[in-house]
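Inspection log for the structure reproduced underneath, given as structure tokens.
Residue numbers (full-length UniProt numbering): 1 to 201.
Set out below in structure tokens:
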């Protein structure tokens, strides 16, 4: 859906609903997931129509703020940070008919995994590229494990090492000074007590 996939085939001859019910009968879908799948089937058609089939809202292209800066703040929260790029994709296609909305912001701020989106956008990547970058890094950064393993094991150390690898793979030579837009990434250094806030910009 974020990339514009047409859900029309799900509604033809009730294919989506029938397939979902077959999975429920076979016990491969829990009650919680059933609610989410039903919500998707209910709204997917409307979302696609609004995002891809409506005439984009007309705004004056290339127009910047007459005074001050226009910032964009992107939150993290693990894979929940993916909501930011999906919302940007939807808004950009609905307003402009393409993926250039991100170019209207003068100042990009990202916290936690949202910093990956800010860094990618500041580096000139499209919103689609940002989406797939975020999607692909989930297996490397967000390791499965219990709360106890995160607290007492080496999971945090492994995740930190993986994050450093992802950053070096995605941005091998780029520095903040090379960005043509303002860029801010707040980070917390937990190697000391109390933890110290450090702002990269």
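From the three backbone atoms N, C-alpha and C, an ideal C-beta is built for every residue, glycine too.
| field | Proximity below 8 Å, CB of residue 10 to CB of residue 37 | value | Within the chain shown, the letter at position 10 stands for residue 10. Within the chain shown, the letter at position 37 stands for residue 37. The answer is no: Cβ separation not under 8 Å.
| Residue environment, residue 127, which counts as buried when at least 16 other CB atoms sit within 10 Å | As a working note, residue 127 is residue 127 in the chain shown. Around the Cβ of residue 127, a 10 Å sphere holds 16 or more other Cβ atoms; the residue is buried.
| task | Say whether the region 179-190 touches the region 128-142, bearing in mind that this needs 3 or more beta-carbon pairs closer than 8 Å, one atom from each stretch. | result | No: the two stretches stay apart, fewer than three of their Cβ pairs being nearer than 8 Å.
| field | Cα-Cα separation between residue 141 and residue 93, rounded to whole angstroms | value | Working through the chain shown from its first residue, we reach residue 141 at position 141. Working through the chain shown from its first residue, we reach residue 93 at position 93. Going from the Cα of residue 141 to the Cα of residue 93 covers about 29 Å.
| task | Could you tell me whether the region 75-87 touches the region 42-49, where touching means 3 or more Cβ pairs closer than 8 Å? | result | No, because fewer than three Cβ pairs between the region 75-87 and the region 42-49 fall closer than 8 Å, the two stretches do not touch.
| Looking only at its own chain, which residues have a Cβ that is under 7 Å from the Cβ of residue 130, when we skip the five neighbours before and after it? | Indexing the chain shown from 1 puts residue 130 at position 130. Taking C-beta separations shorter than 7 Å and ignoring five residues to either side along the sequence, the partners of residue 130 in its chain run 85, 117, 120 and 121, following chain order.
| What's the gap between the Cα of residue 159 and the Cα of residue 72? | As a working mapping, residue 159 is identified with position 159 in the chain shown. As a working mapping, residue 72 is identified with position 72 in the chain shown. Their Cα atoms are separated by approximately 27 Å.
| said: With a threshold of 8 Å on Cβ separation, who are the neighbours of residue 191 within its own chain once the five nearest residues in sequence on each side are excluded? | reply: Here residue 191 refers to the residue found at position 191 of the chain shown. Excluding five sequence positions before and after residue 191, none of the CB atoms of its chain fall closer than 8 Å to its own CB.
| query | Measuring CB to CB, does residue 76 end up less than 8 Å from residue 26? | reply | Along the chain shown, read from residue 1 onward, the residue named residue 76 stands at position 76. Along the chain shown, read from residue 1 onward, the residue named residue 26 stands at position 26. Contact flag unset, no.
| query | Is DSSP giving residue 118 helix, strand or coil here? | reply | Mapped onto the chain shown, residue 118 falls at position 118. DSSP places residue 118 in helix when its eight states are reduced to three.
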